[in-house]
């Protein structure tokens, strides 16, 4: 059924046509400011979100742009429309736009092989290495699984090093047969932009996209934001052991095209206006109408389990991914959207083109889903849809999801075999274990406690607690990574020879570099 509906959507070119719901009547854009103020303030208290910034554009005008709360817990500085936040994965839309602009110039082509531009790049499947296309870098269906994120989460590899290790990954599925979100493919798109344009991805985005739009409070990377000298910057927060705490500033500058940009609500209003004006800024077209629309043409079906839980409330008939955008229908409207989440920060962008409506929300705490509630609240308000308390509904939905996770954790704990001991002395587990794609993990022994280190970042180092037999639980250094299963394996002679990180939903295997010394 969903395939049929997607085909119908493609036939109708629904991404940028008038699909207004017959029962919706557009409301005056300036009617909703006071109501939104009160709604946001209450919702922030309910979700325990320290700070938030929001921009709404309707009919080509910025009708609402504002900051709420504080930049950092325990400090008085307030969030305003000019406070810098990380865009995270909403950056992907800018990367896709950069590719579209270079397609316009004849420097790239959507369906040309990546190796025509970057001969050194290889996929895990040698045959697919020759055929993977520019388009494939942007639609999350090239066979790369989520474990690929470990390549950049290490924190010590640059873009070229990360992409050169892609060939060592184990394919998650045959290309085009499924959908799996893959940040490294967007970094590959960034490398295509660099090669085709002759300038680094970040400079292209800043000079060819941000500057023409007047986005003076934006930068393409964390380093660029820091170099701007602004002190009006939000701090990241994370819930650890039930308490929201300030965490270390992080950077994804190793894969900037996947999510490194920074901006403000003020500048996001300019970005929304550009997107709603068919790729024009001040009457000047940055990208052809044809290639702008290509960004929003459905490119891949998205399984329910790969989409946002909010679909349980919006009840779309179809879900797809374009080029840098998730897409769905809502009350007869086409909606393009994307979220961003990492390092204690959140964001969301939503477009309803036929209503000439766009919304962007920043937050300064990890995975606080008030962002979804505000996006849908704004879309309802400005299209005259029936009033709905999205914040309350999503609090309930995500609360149920959290309770379900706790039930699963309790069930796993109940299956644990109590009273077991490791098969070896703890010293036998210490050593260096290696994976051709992900490099080394170090297991060290302190005072009767094993620790594991994955790369140089402090959050990637933490203690191992014994679970059962030769299985341990790894606890990330600052607590935000939760727990990861760690299973040690033995060689034929009984020595500890390998370690596997992860469980049924994805695992990575590391082999010991040198045999351990036998314990007496």
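In mature numbering (1 follows the signal peptide of the UniProt record, and there is no 0), the protein residues as written are -22 to -1, 1 to 498. Beta carbons: idealized from backbone N, C-alpha and C, even for Gly.
Beta-carbon proximity check, residue i vs residue j, cutoff 8 angstroms
i           : j           : result
residue 12  : residue 301 : no
residue 89  : residue 117 : no
residue 297 : residue 315 : no
residue 433 : residue 453 : no
residue 462 : residue 435 : no
residue 322 : residue 343 : yes
residue 348 : residue 27  : yes
residue 319 : residue 65  : no
residue 360 : residue 335 : yes
residue 375 : residue 290 : yes
residue 211 : residue 49  : yes
residue 102 : residue 143 : no
residue 18  : residue 352 : yes
residue 408 : residue 428 : yes
residue 195 : residue 241 : yes
residue 119 : residue 16  : no
residue 224 : residue 215 : yes
residue 14  : residue 57  : no
residue 415 : residue 147 : yes
7 angstroms CB neighbourhood of residue i in its chain, flanking five on each side removed
i           : result
residue 507 : Because the chain is modelled from -22 through 498, residue 507 falls outside the range shown and cannot be assessed.
residue 206 : 197
residue 165 : 137, 140, 141, 233, 235, 236
residue -14 : Here residue -14 scores only 42 on pLDDT, less than 50, and its place in the model should not be relied on; the value that follows carries that caveat. Result list for residue -14: 276, 296, in chain order.
residue 412 : 418, 488, 489, 491
residue 167 : 73, 77, 115, 116, 235
residue 36  : 7, 334, 335, 360
residue 87  : 81, 112
residue 51  : 28, 215, 222, 224
residue 281 : 157
Other residues of its chain near residue i: CB distance less than 6 angstroms, five sequence neighbours each side excluded
i           : result
residue 447 : 398
residue 317 : 326
residue 393 : none
residue 34  : 41, 42, 337, 356
residue 410 : 418, 420, 491
residue 25  : 346, 348
residue 228 : 321
residue 21  : 348, 369
residue 259 : 190, 191, 252
residue 151 : 121
residue 437 : 454, 455, 456
residue 178 : 172
residue 503 : This structure cannot settle anything about residue 503, because the visible part of the chain is limited to -22 through 498.
residue -2  : At residue -2 the pLDDT is 36, less than 50, meaning the model places this residue with poor confidence and gives no usable figure here.
residue 445 : 451
Terminal residues of the alpha helix (DSSP H) in which residue i lies
i           : result
residue 106 : 104 to 109
residue 137 : 137 to 142
residue 18  : 11 to 25
residue 131 : 128 to 131
residue 500 : What the structure shows of the chain is the stretch from -22 to 498, and residue 500 is not part of that stretch, so it cannot be assessed.
residue 396 : Taken as a continuous stretch (DSSP letters only), residue 396 belongs to no alpha helix (DSSP H), as it is neither H nor E.
residue 94  : 92 to 95
Expected contact under 8 angstroms - CB spacing of residue i and residue j to nearest Å
i           : j           : result
residue 340 : residue 63  : 4 angstroms
residue 464 : residue 476 : The Cβ separation is near 11 angstroms, so there is no contact.
residue 95  : residue 110 : With a Cβ gap of about 11 angstroms, residue 95 and residue 110 do not count as contacting.
residue 518 : residue 244 : Because the chain in this structure spans residues -22 to 498, residue 518 falls outside the shown range and cannot be described.
residue 183 : residue 247 : That pair is no contact at about 18 angstroms.
residue 288 : residue 350 : 5 angstroms
residue 85  : residue 175 : 7 angstroms
residue 153 : residue 484 : Not a contact, Cβ separation roughly 18 angstroms.
residue 127 : residue 161 : 6 angstroms
Boundaries of the beta strand (DSSP E) in which residue i is found, first to last residue
i           : result
residue 79  : Taken as a continuous stretch (DSSP letters only), residue 79 belongs to no beta strand (DSSP E), being part of the alpha helix (DSSP H) at 70 to 82.
residue 33  : 29 to 36
residue 506 : The displayed coordinates of the chain run from -22 to 498. Any statement about residue 506 would go beyond what the structure contains.
residue 489 : 484 to 490
residue 337 : 335 to 341
residue 61  : No beta strand (DSSP E) holds residue 61; DSSP gives it neither H nor E.
residue 330 : 323 to 330
Neighbourhood of residue i by C-beta, 8 angstroms cutoff - its chain only, sequence neighbours within 5 removed
i           : result
residue 273 : 71, 74, 75, 78, 300, 301, 302, 303
residue 267 : 256, 257
residue 98  : 142
residue 372 : 288, 291, 347, 348, 350, 351
residue 365 : 358
Contact with chain C by residue i, beta-carbon distance below 8 angstroms
i           : result
residue 224 : The structure shown contains no chain C, having only a single protein chain.
Review point. Unbroken beta strand (DSSP E) runs of length 3 or more, entirely within the segment 169 to 221: which are they?
Key: 215 to 218
Review point. Which parts of the segment 252 to 319 are runs of the alpha helix (DSSP H), unbroken and 4 residues or longer, counting only runs that do not cross its ends?
Key: 267 to 272, 289 to 292
Point to revise | Complete alpha helix (DSSP H) runs within the segment 348 to 382 (minimum length 4 residues, chain order) | key: 348 to 359
Review point. Which ranges does the beta strand (DSSP E) cover as unbroken runs of at least 3 residues, wholly within the segment 409 to 469, from first to last along the chain?
Key: 409 to 413, 417 to 423, 428 to 431, 439 to 446, 449 to 453, 461 to 468
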